[in-house]
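Notes to accompany the following structure.
Numbering (UniProt numbering), first residue to last: 1 to 331.
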């Protein structure tokens, strides 16, 4: 017996309308009629009294409905149980540090709720190293800033991170429109040398006098601490420095041109673990649910401290440690 036919029977009994039942099951009225006719032939009984507007159960149909509902419910329970069992085991997720500092905890909470039998192993690294791990089967899913090339991989765009230039209030840079040339008078704190944000920083300063130094930092936390202590300026996603902005340890700068938003991407092997694809979809839901960070208006105001989908390239990880910076020049 075809479970879909029984499901159609149950919905037609509830809705008493062939058109509404067809819409509910994403099929045609002809298909609904055919399924009901097949059941009536199989049991040699008339299940519905039909007229131009509705279909109502016959006495035989009412008796059959109780059994059909139980069968459909048991089928659903069986499928859920089998799906849960198939999602047991280990999933290895690689993630850039910027995501770790923003919506990744929310994703982990969702994973714990939806896949209680799934063990999760986390690797935090740069996009470059995570792509290498995925290509060598070192992880099953990566959340980072670039699409992985090749037919063996699926790339799912996530949200974007807004990125803003920030500095410690002690530098006195907020409250006026700044140009890149003015920022060049201070040490620039940057993500890893091979990251998207670092490449953007290099391009922005290519047309002006070379900054005192561009310092690549391996740790996001170290990056934030250095800038908050007045070491220099950095382009960071407001989503990962919400607390520092709210407490006044950092302030947003009004810089021309704006730093481009950074796209985030979930990548996994197309023929890999099925659960990796489902977690990628879940990551997209979680990332897009994050409130966005305003990027216009007066710089440095606390109105701009709400979280935004993290900029993809804001991966503040790099395998090279922080490079020593010279003292800032007078601008």
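No residue lacks a Cβ here, since even glycine has one placed at the ideal position from N, Cα and C.
Out of 134, 163, 186, 23, the CA that lies nearest to the CA of residue 150 is found in 134. Less than 8 Å separates the beta-carbon of residue 166 from that of residue 252. In its chain, beyond the 5 residues on either side, 46, 47 have a beta carbon closer than 8 Å to the beta carbon of residue 40. One alpha carbon belongs to residue 76, the other to residue 218, and they sit about 48 Å apart. Here the alpha carbon of residue 3 sits roughly 14 Å from the alpha carbon of residue 66. A contact is defined here as three or more CB-CB pairs under 8 Å, and the stretch 179-189 meets this definition with respect to the stretch 197-210.
Residue 264 carries a strand assignment under DSSP once its states are collapsed to helix, strand and coil. The beta carbon of residue 104 is closer than 7 Å to those of 95 in its chain, skipping five residues each way along the sequence. When DSSP states are grouped into helix, strand and coil, residue 48 belongs to the strand group. In the three-state DSSP reduction, residue 123 falls in the strand class (E or B).
Between residue 213 and residue 188, the gap from beta carbon to beta carbon is short of 8 Å. In the structure shown, residue 143 falls within a strand segment according to DSSP collapsed to helix, strand and coil.
Contact between residue 55 and residue 12 is confirmed by a C-beta separation of about 6 Å, below the 8 Å threshold. For residue 255, the secondary structure class from DSSP, reduced to helix, strand or coil, is strand.
A distance below 7 Å between beta-carbons, with the five flanking residues on each side excluded, links residue 287 to the following residues of its chain, in chain order: 103, 158, 159, 264, 309. Between the alpha carbons of residue 87 and residue 117 lies a distance of about 7 Å. The residue among 129, 61, 111 with its C-alpha nearest the C-alpha of residue 121 is 111. As a beta-bridge residue in DSSP terms, residue 190 pairs with 216.
About 45 Å separates the beta carbons of residue 230 and residue 269, which is beyond the 8 Å limit, so they are not a contact pair.
A direct Cα-Cα distance of roughly 30 Å separates residue 274 from residue 69.
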